[in-house]
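S.K.: Here it is, the structure in full.
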Amino acid sequence: MEKDWKKQLSEVFEEFAILENCKKETLQNFDHFCEFIAEPAFESLEEEFKDYGVKTKYKRDKGKSILFQINFPRSRVDNFQYIIYLPKNSPEMKLKLRLKGRNEKRSLKKEWEEPFLGDIEASEVLNIQQDTLIQDIIDHYRNFTLESFTQQE
Numbered sequence: 022m023e024k025d026w027k028k029q030l031s032e033v034f035e036e037f038a039i040l041e042n043c044k045k046e047t048l049q050n051f052d053h054f055c056e057f058i059a060e061p062a063f064e065s066l067e068e069e070f071k072d073y074g075v076k077t078k079y080k081r082d083k084g085k086s087i088l089f090q091i092n093f094p095r096s097r098v099d100n101f102q103y104i105i106y107l108p109k110n111s112p113e114m115k116l117k118l119r120l121k122g123r124n125e126k127r128s129l130k131k132e133w134e135e136p137f138l139g140d141i142e143a144s145e146v147l148n149i150q151q152d153t154l155i156q157d158i159i160d161h162y163r164n165f166t167l168e169s170f171t172q173q174e
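Going left to right, the sequence shown walks through residues 22 to 174 as the numbering used here numbers them.
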């Protein structure tokens, strides 16, 4: 029995339409995540870092990524960056984490990637608590800084 190729072609275009809708919904969800979870968490962290003489900033690249940057104490030079990003053309909220840091103000940045929040399920991203995100940033910053202080040349 031969397949109806017209029906098969129709199904292909239906699948394409479903994927496009998923990608649009994922972008909307990522923007929602940035606005209601990440940015308020970053603002809270920013206030606390000020107490230690450390400037921070955050920047959002709409539909792509959101970055939280920590400078060296009493400096404008960035020390550590925590970047949450949505892979290009992603049909689901499977976020990635890119980290960058430098040991000294004049050293080159080291860059590496990890799964975001231990490879959290896409369906759980919009349920993340701000405190969970803040704790993850602090843990990564602490680990990087401790490694920098104890690194032997």
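From the three backbone atoms N, C-alpha and C, an ideal C-beta is built for every residue, glycine too.
So Y79 is in the beta strand (DSSP E); what residue range does that whole segment cover?
M.R.: Its beta strand (DSSP E) spans residues 77-82.
S.K.: Apply the 10 Å Cβ neighbour rule to T47 and answer buried if 16 or more other Cβ atoms are within range, or exposed otherwise.
M.R.: buried
S.K.: Measure the alpha-carbon distance for Y79 versus K45 and round it to whole angstroms.
M.R.: 24 Å
S.K.: Report back the beta-carbon spacing between Q151 and S65 to the nearest angstrom; my notes put them in contact at under 8 Å.
M.R.: 7 Å
S.K.: In whole angstroms, what is the alpha-carbon distance linking T166 and R123?
M.R.: 9 Å
S.K.: Are the beta-carbon atoms of N42 and V146 separated by less than 9 Å?
M.R.: no
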